[in-house]
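Residue numbers (my numbering), protein chains in the order written: chain A, 214 to 393; chain B, 18 to 371.
For each residue, glycine too, the CB sits at the ideal point set by N, CA and C.
Written below as structure tokens is the structure these notes are about.
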């Protein structure tokens, strides 16, 4: 039994890890670095991730490149929900990791970290991160994917469940107060 | 197929197998062989395109998975197979599931019409080219139904664009094929190839070749005519709502159609499986031995695939070079310039025959 499971795991994880197709989603300056990553000097294609899908139905990875405002938050949530399993999220840039220079009360309109809306797999700080840093994040995500197993799939899905409530017209996590 | 059938029956007699089952097997085995080759070819073609596009834009392309990135598309296939299949809650779910299947199945039929060498030609019909034209209109119809059934704004716009494009490229394609039938006096693909033993049709119908080449790029839904899935305007066109294996069906079908269309171009204009200057390499190196007879069949397939890959390379080159045309420019180009040019070409060819 263990042999079968581990073989299936190996094949599946090999496939999933080596063909991470990102969604074309960029909200601000980090998007410029993301475009740069797919251009000739850096070339994201080497890792098999150059297939930027415009439709979330065909994407595996949501690279959240840029600031997410409260008005943009429902859109991000919807895009995440439209993606089919297995799906992963990279929070790219300081703004999407924890608000960046808009953190706390510095700006009324910015979500302080997208992990309040969608579950994040890899945090990639810096303002904005260089393309090499994005590659590092993708390689780390590949390592994470290779550790997955179909036996623990249920727990993985539960940890990636959305757990949101609306407060004053703003989407936040239900367990927000316990976490922070 | 008669020579192959004789060899197969001889082989069956040596292993004492039932002849009736063998005859049934013989009508199934070639199709299974073609299906296997189709999937392998598509996986290779996608990698070929990604690598070539990479080098055209001064990148390396996929090079991490396997040696030189060879297993990249295999990884993609494994991933797409095991991805979640999203069903639509509104819209026509039956058509939604059916359209990718039929669009892909039609292309398998196209693969079976093609003569790969003088012997291996599964459906050797006297109206082969007519069958090709009819069956090759199926994928486009089911692309439309896919967009229609997914109940999505972008899908339906993409579908209507695909329909408008179909109407405009069909006329040049059919008229060019008519001019070839006019030259060769036959609709059988094998006879069209054998007609070109002395001179390839491209030399007597150069205008037809250019028109057919441009129209087939539009038929294959590729840059610069990929209006129906324009990524910057419509999210993905008709397959916006498709995920997992259903999307992979469209993806596979697109590349399988690219390959078979380029085979058709090389059959109609570049002599198909005939070698250049009509001299077989096997005859040069081996003389007239008995082994040569078998080797020539393989060599014919080699020449067909070689010519096809050259055309595919040029189509990828065009994709790497040209931006997408707008809807108006494309329709203008096809209706105002290409269609009249095709009719003039047909008239010239007809007069040359007289």
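Can residue i and residue j be called in contact, C-beta distance under 8 Å?
i: residue 91/B; j: residue 169/B; result: no
i: residue 148/B; j: residue 142/B; result: yes
i: residue 102/B; j: residue 261/B; result: yes
i: residue 18/B; j: residue 138/B; result: yes
i: residue 234/A; j: residue 295/A; result: no
i: residue 313/A; j: residue 340/A; result: yes
i: residue 236/A; j: residue 274/A; result: yes
i: residue 324/A; j: residue 283/A; result: yes
i: residue 301/A; j: residue 328/A; result: no
i: residue 330/B; j: residue 97/B; result: no
i: residue 171/B; j: residue 59/B; result: no
i: residue 243/A; j: residue 342/A; result: yes
i: residue 152/B; j: residue 184/B; result: no
i: residue 372/B; j: residue 221/B; result: Nothing about residue 372/B can be reported from this structure: the residues present for chain B run from 18 to 371 only.
i: residue 218/A; j: residue 364/A; result: yes
i: residue 69/B; j: residue 313/B; result: no
i: residue 290/B; j: residue 135/B; result: yes
i: residue 197/B; j: residue 287/B; result: no
i: residue 132/B; j: residue 190/B; result: no
i: residue 125/B; j: residue 206/B; result: no
i: residue 347/B; j: residue 281/B; result: no
i: residue 89/B; j: residue 261/A; result: yes
i: residue 105/B; j: residue 111/B; result: no
i: residue 403/A; j: residue 263/A; result: In the structure as shown, chain A starts at 214 and stops at 393, and residue 403/A therefore has no counterpart that could be examined.
i: residue 339/B; j: residue 241/B; result: yes
i: residue 238/B; j: residue 248/B; result: no
i: residue 278/B; j: residue 236/B; result: yes
i: residue 145/B; j: residue 255/B; result: no
i: residue 45/B; j: residue 36/B; result: no
Strictly under 8 Å for the Cβ-Cβ distance: is residue i near chain B by that measure?
i: residue 306/A; result: no
i: residue 354/A; result: no
i: residue 261/A; result: yes
i: residue 362/A; result: no
i: residue 344/A; result: no
Listing by chain order, which chain D residues have their CB less than 7 Å from the CB of residue i?
i: residue 261/B; result: The question asks about chain D, but that chain is absent: this structure's protein chains are A and B.
So the beta strand (DSSP E) residue i belongs to, where does it begin and stop?
i: residue 305/A; result: 301-305
i: residue 277/A; result: 274-278
Using a Cβ cut-off of 7 Å, pull out every chain A residue sitting near residue i, in sequence order please.
i: residue 341/B; result: What residue 341/B touches in chain A: nothing, since even the nearest Cβ is about 13 Å away.
i: residue 103/B; result: 270 and 297
i: residue 258/B; result: 270
i: residue 82/B; result: 231 and 261
i: residue 74/B; result: 253
i: residue 71/B; result: 258
Report the neighbours of residue i on chain B: residues whose CB is nearer than 9 Å to its CB, in chain order.
i: residue 225/A; result: 95, 96 and 99
i: residue 228/A; result: 91, 92, 93, 94, 95, 96, 97, 98 and 99
Tell me the residue span of the alpha helix (DSSP H) that contains residue i.
i: residue 70/B; result: 36-73
i: residue 230/B; result: 223-236
i: residue 354/A; result: 344-359
i: residue 336/A; result: Residue 336/A -> not in any alpha helix (DSSP H); beta strand (DSSP E) instead, spanning 335-337.
i: residue 255/B; result: Unbroken run through residue 255/B: none, as it is neither H nor E.
i: residue 210/B; result: 206-212
i: residue 101/B; result: Looking at the DSSP string, residue 101/B is not in any alpha helix (DSSP H), and its letter there is neither H nor E.
i: residue 325/B; result: 307-338
i: residue 295/B; result: No alpha helix (DSSP H) holds residue 295/B; DSSP gives it neither H nor E.
i: residue 229/A; result: 215-231
i: residue 201/B; result: 170-201
i: residue 287/A; result: 286-295
i: residue 259/A; result: Where residue 259/A is concerned, there is no enclosing alpha helix (DSSP H), given that its DSSP letter is neither H nor E.
Would a check of beta-carbon distances place residue i closer than 8 Å to chain A?
i: residue 299/B; result: no
i: residue 67/B; result: yes
i: residue 59/B; result: no
i: residue 178/B; result: no
i: residue 79/B; result: yes
Starting from the beta carbon of residue i, find every residue of chain B whose beta carbon is closer than 7 Å, and list them in chain order.
i: residue 267/A; result: 248, 252 and 253
Give the interface partners of residue i over in chain A, defined as CB-CB distance under 8 Å, in chain order.
i: residue 289/B; result: Ordered by position in chain A, no residue passes the 8 Å Cβ test against residue 289/B, which lies about 34 Å from the chain.
(message) Under 7 Å, CB to CB, which of the residues in the stretch 261-277 of chain B have a partner in chain A?
(response) Under the 7 Å Cβ criterion, the stretch 261-277 of chain B contributes 261 and 264.
(request) Could you please tell me which residues of the stretch 230-260 of chain A, in chain order, have their CB closer than 7 Å to any CB of chain B? (result) The residues in question are 231, 232, 253, 256, 258, 259 and 260.
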